[in-house]
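Residue numbers (the numbering used here): -13 to 526. Ideal placement from N, C-alpha and C gives every residue a C-beta, glycine not left out. As the structure is a computational prediction, the values presented were derived from the model and not from experiment. First the structure, in the form of structure tokens, and then the observations on it.
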């Protein structure tokens, strides 16, 4: 997952350099494969204003521009873009600037006998698009001429390409990574404030789940008076940093919440859904496909459905592959006015089988396959509704919920943890390195020893930082209640011990070897098997 440090800093008080953070995360089991310093992409690019634009005297497709870049006299710049004109605010690469994405250093030069002192840039030349049809120009008025363009383009950022292990589904979200960073560094966590949503219920929308094991909870919300438009720049920049292409405000919001909370969402055009069913009321269903059914998905592929394919239906007509991809017939488009927003919890196995049966793998299916945190489903849904109301003018009309979980209590578990077992498994602490807590080493240092062991204070500090609640049972024994977002991977005492080692730092433990060693040998059965195999080899 691609982690924007600007976004991460809004979720956790982070003061470490990108390199220090990458080292900390890697040592904690989250490999940072690449540090993408986007600040270098436009180092030396400033805001300029095109004062005049005249036809090049010796070339039909070139223009000669006078551009104010805040350095006294205007710069003479030859530009070949068809969309350049006077009074535009544009990004200008000044002389001496190196643009790494196109491997170009800007030097004074002559183009068809006309001197050019700089270059007016497109988004492709700045690394923000694969290709561009012309130069980029800023929509804002009265920008400060000569100022750095990087804050305006989201290029004052560093992106970490982070790989998490298969058991850490919670780390496939910005909130999950922020929690991890807070636990590792002791920094303050600042999760987004998600307001409550007031939604009524009526017969215009109902939810019917035929497969409760495959979909234990489904939330459908009708939102009216939506205005489809381009997302604000801040939202587009965050999606681009995460490697996601902006589309429109509604689709971008669902992708944004997916990245922020790790919860896949899908927005249907509500009027198109009603057109498909041919009635004024809508029944959203979840079931497996029947033989012979088909669905054209958002990638314009008509797919023959198999019996293990989990579907979203409207009045029993297929409209989406549950947890994988929506249907083309009901997608949000430029004229959409009313939405049906889906927020659901789908079973990992059901989504994996469904995705494989269609040869599909999406950002949504990848998260469902690892396991989505059911405790924060409602939070993610409210977050999306709030953003749609704020950025697209949506008004919530009605919400229908089918909650078929055996117990609607928050998923949690309690595990007994013994300090004796922790130290037995992890071994002594090397006092030659800097320990994270003086409590672990005080007694050993008083005795001039080179090793110590973890103390109760260390265990309580580490597990509390991870969001666990500890209740003492007896001396050096606790009942540890696991937070809902770690419910899937913290199941046994040994899992808690692994977390203690990870956060305390593997490099803070002694290198130890077994006290005794003995040469290996084969059992009688193994020796006879090998001898028989050699005997029959010539006959093979």
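1. Classify residue 202: buried if its beta carbon has 16 or more other beta carbons within 10 angstroms, exposed otherwise.
2. Determine the direct distance from the alpha carbon of residue 383 to that of residue 239, and round the result to whole angstroms.
3. In angstroms, rounded to a whole number, what distance separates the CA positions of residue 452 and residue 175?
4. Grab me the residues of residue 343's own chain with a C-beta within less than 7 angstroms of its C-beta, minus the 5 sequence neighbours each way, in chain order.
5. What is the rounded straight-line gap between the Cα of residue 35 and the Cα of residue 137?
6. In whole angstroms, what separates the C-alpha of residue 404 from that of residue 280?
7. Less than 8 angstroms between C-beta atoms, sequence neighbours within five positions excluded: which residues of the same chain meet that for residue 379?
8. How about residue 100 and residue 42: are their beta carbons less than 9 angstroms apart?
9. Reducing DSSP to helix, strand and coil, say where residue 431 ends up.
10. Ordered along the chain, which non-local residues of its own chain (more than five positions away) have a Cβ less than 7 angstroms from that of residue 114?
11. In angstroms, rounded to a whole number, what distance separates the CA positions of residue 481 and residue 155?
12. When DSSP builds the beta bridges, which residues end up paired with residue 384?
13. Can you name, in chain order, every residue of its own chain whose Cβ lies under 7 angstroms from the Cβ of residue 228, other than the five neighbours on each side?
14. Which of helix, strand or coil does DSSP assign to residue 91?
15. Helix or strand or just coil, what does DSSP make of residue 496?
16. Hey, how far is the Cα of residue 158 from the Cα of residue 248?
17. For residue 20, does the three-state DSSP call read helix, strand or coil?
18. For residue 339, list the residues DSSP reports as bridge partners.
19. Please classify residue 531 as buried or exposed, where buried requires at least 16 neighbouring CB atoms within 10 angstroms.
20. Which same chain residues end up closer than 7 angstroms to residue 19 when comparing Cβ atoms and leaving out the 5 residues on each side of it in sequence?
21. Under the three-state reduction of DSSP, which class applies to residue -4: helix, strand or coil?
22. Smallest Cα separation from residue 83: which of 73, 96, 62, 111?
23. Keeping to the same chain, check which residues put their C-beta closer than 8 angstroms to that of residue 308; ignore five residues upstream and five downstream.
24. Determine whether the beta carbon atoms of residue 14 and residue 476 lie at a separation below 9 angstroms.
25. Assign residue 313 to buried or exposed, taking buried as 16 or more other Cβ atoms, counted over all protein chains shown, within 10 Å of its Cβ.
26. State the start and end residues of the unbroken alpha helix (DSSP H) segment that holds residue 27.
27. I need the boundaries of the beta strand (DSSP E) containing residue 517, first residue and last residue.
28. Kindly indicate which residue of 120, 59, 58 has the alpha-carbon position closest to the one of residue 68.
29. Is residue 153 helix, strand or coil when you go by DSSP?
30. Do you know offhand how far residue 471's Cα is from residue 364's?
31. What's the gap between the Cα of residue 349 and the Cα of residue 251?
32. Looking only at C-alpha atoms, which of 285, 303, 408 sits nearest to residue 261?
33. Please check the pair residue 442 and residue 462, which I expect to be a contact at CB under 8 angstroms, by giving their CB distance rounded to whole angstroms.
34. Of all the options 94, 259, 31, which has the alpha carbon lying nearest to the alpha carbon of residue 62?
35. Going by alpha carbons, who is nearest to residue 399 out of 129, 466, 525?
36. Any idea if residue 117 is buried or exposed, counting beta-carbon neighbours within 10 angstroms, 16 or more meaning buried?
Per the coordinate set shown:
1. As a first step, residue 202 must be located in the chain shown, where it is residue number 216. Under this definition residue 202 is a buried residue.
2. For the purposes of this step, residue 239 is taken as residue 253 along the chain shown, with counting starting at 1. For the purposes of this step, residue 383 is taken as residue 397 along the chain shown, with counting starting at 1. In this structure, the CA atom of residue 239 is about 19 angstroms from the CA atom of residue 383.
3. Position 466 of the chain shown, counted from the start, is the residue given in the question as residue 452. Position 189 of the chain shown, counted from the start, is the residue given in the question as residue 175. Computed Cα separation, rounded: 11 angstroms.
4. The count along the chain shown starts at 1 and reaches residue 343 at position 357. Here the set comprises 292, 294, 295.
5. Counting from 1 along the chain shown, the entry for residue 35 is found at position 49. Counting from 1 along the chain shown, the entry for residue 137 is found at position 151. When rounded, the distance between both Cα atoms is 17 angstroms.
6. Translated into the one-based positions of the chain shown, residue 404 becomes position 418. Translated into the one-based positions of the chain shown, residue 280 becomes position 294. Here the alpha carbons of residue 280 and residue 404 stand approximately 55 angstroms from one another.
7. For the purposes of this step, residue 379 is taken as residue 393 along the chain shown, with counting starting at 1. Taken in chain order, the residues that qualify are 211, 212, 213.
8. As a first step, residue 100 is located in the chain shown; it is residue number 114 there, counting from the start. As a first step, residue 42 is located in the chain shown; it is residue number 56 there, counting from the start. Cβ atoms of residue 100 and residue 42: closer than 9 angstroms.
9. Here residue 431 refers to the residue found at position 445 of the chain shown. Note that residue 431 scores a pLDDT of 48, beneath 50, so its modelled location is shaky; the value from the coordinates is reported in the next line. Three-state DSSP puts residue 431 in a helix.
10. By one-based count along the chain shown, residue 114 stands at place 128. Closer than 7 angstroms at the Cβ level, and outside the excluded window around residue 114, lie 139, 226.
11. Against the chain shown, residue 481 aligns to sequence position 495. Against the chain shown, residue 155 aligns to sequence position 169. C-alpha separation (whole angstroms): 15 angstroms.
12. Translated into positions along the chain shown, residue 384 becomes position 398. For residue 384, which the question treats as bridged, DSSP gives the partners 186, 208.
13. Position 242 of the chain shown, counted from the first residue, corresponds to residue 228. Excluding residues within five positions, the ones whose Cβ falls inside 7 angstroms are -12, -10, 245.
14. Here residue 91 refers to the residue found at position 105 of the chain shown. Correct three-state label for residue 91: strand.
15. Taking the first residue of the chain shown as 1, we reach residue 496 at position 510. Note: residue 496 maps to coil in three-state DSSP.
16. For the purposes of this step, residue 158 is taken as residue 172 along the chain shown, with counting starting at 1. For the purposes of this step, residue 248 is taken as residue 262 along the chain shown, with counting starting at 1. The alpha-carbon atoms of residue 158 and residue 248 are separated by roughly 6 angstroms.
17. In the chain shown, counting from the first residue as 1, residue 20 sits at position 34. Of the three classes helix, strand and coil, the one that applies to residue 20 here is strand, per DSSP.
18. Mapped onto the chain shown, residue 339 falls at position 353. DSSP output for residue 339 lists no bridge partner at all.
19. Because the chain here runs from -13 to 526, residue 531 falls outside it and cannot be looked at.
20. As a working note, residue 19 is residue 33 in the chain shown. Here the set comprises 147, 149.
21. Indexing the chain shown from 1 puts residue -4 at position 10. Looking at residue -4 - three-state DSSP - the assignment turns out to be helix.
22. The residue you call residue 83 lines up with position 97 of the chain shown. For residue 83, the nearest C-alpha among the options comes from 111.
23. Indexing the chain shown from 1 puts residue 308 at position 322. Once the five neighbours on either side are set aside, the close Cβ partners of residue 308 are 200, 201, 272, 296, 297, 298, 330, 332, 336, 337, 340.
24. For the purposes of this step, residue 14 is taken as residue 28 along the chain shown, with counting starting at 1. For the purposes of this step, residue 476 is taken as residue 490 along the chain shown, with counting starting at 1. No, these two residues do not count as a Cβ contact at 9 angstroms.
25. What you label residue 313 is simply residue 327 of the chain shown in a count that begins at 1. Looking at its Cβ environment, which holds 16 or more other Cβ atoms inside 10 Å, residue 313 is buried.
26. Taking the chain shown and counting its residues from 1, the one referred to as residue 27 is at position 41. Looking at the DSSP string, residue 27 is not in any alpha helix (DSSP H), and its letter there is neither H nor E.
27. As a first step, residue 517 is located in the chain shown; it is residue number 531 there, counting from the start. Looking at the DSSP string, residue 517 is not in any beta strand (DSSP E); the run it does join, the alpha helix (DSSP H), is 510 to 522.
28. Taking the first residue of the chain shown as 1, we reach residue 68 at position 82. Nearest option by C-alpha distance: 120.
29. Here residue 153 refers to the residue found at position 167 when the chain shown is read from its first residue. Looking at residue 153 - three-state DSSP - the assignment turns out to be coil, as it is neither helix nor strand.
30. On the chain shown, residue 471 is found 485 positions in, with the first residue counted as 1. On the chain shown, residue 364 is found 378 positions in, with the first residue counted as 1. Going from the Cα of residue 471 to the Cα of residue 364 covers about 13 angstroms.
31. For the purposes of this step, residue 349 is taken as residue 363 along the chain shown, with counting starting at 1. For the purposes of this step, residue 251 is taken as residue 265 along the chain shown, with counting starting at 1. Using only the alpha carbons, I get a separation of about 11 angstroms.
32. Taking the chain shown and counting its residues from 1, the one referred to as residue 261 is at position 275. When each option's Cα is compared against that of residue 261, the closest is 303.
33. In the chain shown, counting from the first residue as 1, residue 442 sits at position 456. In the chain shown, counting from the first residue as 1, residue 462 sits at position 476. Cβ atoms of residue 442 and residue 462 come within 8 angstroms of each other, at about 6 angstroms.
34. Position 76 of the chain shown, counting from 1, holds the residue named residue 62. When each option's Cα is compared against that of residue 62, the closest is 94.
35. For the purposes of this step, residue 399 is taken as residue 413 along the chain shown, with counting starting at 1. The shortest Cα separation from residue 399 among 129, 466, 525 belongs to 466.
36. Taking the first residue of the chain shown as position 1, residue 117 is located at position 131. That one is exposed.
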